[in-house]
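The opening position of the sequence shown corresponds to residue 22 in this note's numbering, with each subsequent residue numbered one higher. Ideal Cβ placement from N, Cα and C applies to all residues, glycine included.
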Amino acid sequence: MSGFSPEWLALREPADLAARNRQVLTACGRAFEDQDTVRVCDVGAGTGASVRALVDLLPRRQFWTLVDSDETNLSAAFDQLARWGTDVKAYDGGLAMRKGERELFVRTHACDVAATPACWPKGTDLVTASALFDLTSARWLDAFVALLSTQKVALLSMLTFDGLITAEPAHPLDGAVAEAFCSHQQRDKGFGPAAGPRAAEVLEVSLENAGYEIETGESPWAIDRGASALLYATLAGIASAVQETQTVPPEDIEQWLRASVINTRLLTIGHRDVFARPTKT
Ligand SMILES: C[S@@+](CC[C@H](N)C(=O)[O-])C[C@H]1O[C@@H](n2cnc3c(N)ncnc32)[C@H](O)[C@@H]1O
Numbered sequence: 022m023s024g025f026s027p028e029w030l031a032l033r034e035p036a037d038l039a040a041r042n043r044q045v046l047t048a049c050g051r052a053f054e055d056q057d058t059v060r061v062c063d064v065g066a067g068t069g070a071s072v073r074a075l076v077d078l079l080p081r082r083q084f085w086t087l088v089d090s091d092e093t094n095l096s097a098a099f100d101q102l103a104r105w106g107t108d109v110k111a112y113d114g115g116l117a118m119r120k121g122e123r124e125l126f127v128r129t130h131a132c133d134v135a136a137t138p139a140c141w142p143k144g145t146d147l148v149t150a151s152a153l154f155d156l157t158s159a160r161w162l163d164a165f166v167a168l169l170s171t172q173k174v175a176l177l178s179m180l181t182f183d184g185l186i187t188a189e190p191a192h193p194l195d196g197a198v199a200e201a202f203c204s205h206q207q208r209d210k211g212f213g214p215a216a217g218p219r220a221a222e223v224l225e226v227s228l229e230n231a232g233y234e235i236e237t238g239e240s241p242w243a244i245d246r247g248a249s250a251l252l253y254a255t256l257a258g259i260a261s262a263v264q265e266t267q268t269v270p271p272e273d274i275e276q277w278l279r280a281s282v283i284n285t286r287l288l289t290i291g292h293r294d295v296f297a298r299p300t301k302t
């Protein structure tokens, strides 16, 4: 299962849904509760998980633009949303649908946001991103926030990896593996040296400096053996990243992975969420 494939995104979607921070989501919902219509742009949208996660939080009429550089993911997003919604119709190059009481209009936009951070359409009220910002660099995050703030656009950022990896029961190599994994997370993912585990902190400071009011909270994955496919894929993904760093002997990584697959009852991966509201001046 590779990088950001639709299969990997489908495997992680239930854990993401359970992890999103309720307080942060509530703050976002409140900011738009007086509106009947909202225009949202989801950056690094993958297969559209943010639409499915946020539909009940946001106003009755929702115009979504899903931005991603991966056209396979964007086309999977249309397929998945068309199966998830009701009364699905073609609309303005995208899809119109209903979901419960909500009316949604969804379009996709293929774009490399590393090169074009201001990827949202004119009139956007809210930019969202889920599991994206740890791939980006501190410099890119600052530029992104500066562009958002000049247009007074709100931001909901979810599931930014914060460097925490703990397993129960612990294994003697957990510390070395976590350290090597975090250093791998700081490699360039197309945005310059990645902020990786520091991304949430960089983003929050940048938003505050730009005058946003922010609500932050933790959104860790708690993966137990009830989600064994996600547990094994996550452990294997960590081992493969650590292998690439060449900082832990291959036989130690193999031993860690074998023992972790057999013994881990609970794997916790830390994330942070933030809702940022532009101040009215
Ligand atoms: C970890 S996935 C998260 C997907 C989705 N937000 C979710 O929560 O399921 C990261 C997404 O960011 C997209 N991405 C990575 N680099 C990008 C770039 N430079 N421009 C646009 N999208 C990018 C990937 O294609 C992938 O769909």
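Residue i - DSSP class collapsed to helix/strand/coil
i, result
"residue 83", "strand"
"residue 126", "strand"
"residue 195", "helix"
"residue 217", "helix"
"residue 178", "strand"
"residue 139", "coil"
"residue 246", "helix"
"residue 166", "helix"
"residue 227", "helix"
"residue 50", "helix"
"residue 270", "coil"
"residue 203", "helix"
"residue 156", "helix"
"residue 26", "coil"
"residue 258", "helix"
"residue 212", "coil"
"residue 299", "strand"
"residue 109", "strand"
"residue 240", "coil"
"residue 72", "helix"
"residue 187", "strand"
"residue 33", "helix"
"residue 282", "helix"
"residue 90", "coil"
"residue 57", "coil"
"residue 102", "helix"
Nearest to residue i (by Cα), restricted to the options the options
i, options, result
"residue 236", "24, 52, 33", "52"
"residue 69", "92, 56, 57, 80", "92"
"residue 158", "71, 208, 228, 280", "208"
"residue 222", "276, 272, 292", "292"
"residue 59", "67, 182, 220, 72", "72"
"residue 168", "106, 137, 192, 181", "137"
"residue 62", "166, 150, 225", "150"
"residue 108", "118, 193, 101, 241", "118"
"residue 163", "30, 231, 77, 145", "231"
"residue 78", "47, 198, 206", "47"
"residue 43", "188, 239, 129", "239"
"residue 66", "36, 283, 111, 154", "154"
"residue 219", "184, 280, 194", "184"
"residue 187", "181, 180, 197", "197"
"residue 214", "45, 160, 57", "160"
"residue 98", "116, 110, 226", "116"
"residue 86", "234, 101, 102, 64", "64"
"residue 129", "294, 89, 38", "89"
"residue 105", "147, 273, 76, 45", "76"
"residue 166", "28, 269, 100, 226", "226"
"residue 94", "146, 24, 194", "24"
"residue 234", "49, 216, 255", "49"
"residue 268", "194, 210, 112, 41", "194"
"residue 170", "266, 228, 180", "228"
"residue 258", "282, 272, 241", "282"
"residue 191", "28, 277, 38, 101", "277"
"residue 152", "212, 182, 40, 206", "182"
"residue 141", "30, 100, 172, 250", "172"
"residue 266", "35, 139, 74, 206", "206"
"residue 31", "101, 216, 253", "101"
"residue 180", "145, 45, 112", "45"
"residue 39", "252, 103, 271, 242", "242"
*asked:* I'd like to know if the segment 248-265 and the segment 202-220 are in contact, where contact means that at least 3 CB-CB pairs between them fall below 8 Å.
replied: Contact check between the segment 248-265 and the segment 202-220: three or more CB pairs, one atom from each, fall below 8 Å, which counts as touching.
*Is the number of C-beta pairs between the segment 284-298 and the segment 173-184 that are closer than 8 Å three or more?*
yes
_Check whether the segment 41-57 and the segment 122-137 touch, using three or more Cβ-Cβ pairs below 8 Å as the test._
no
*Is the segment 76-93 touching the segment 114-124, taking contact as three or more C-beta pairs under 8 Å?*
yes
*On the three-pair Cβ rule with 8 Å, is the segment 245-255 touching the segment 276-289?*
Yes, the segment 245-255 touches the segment 276-289.
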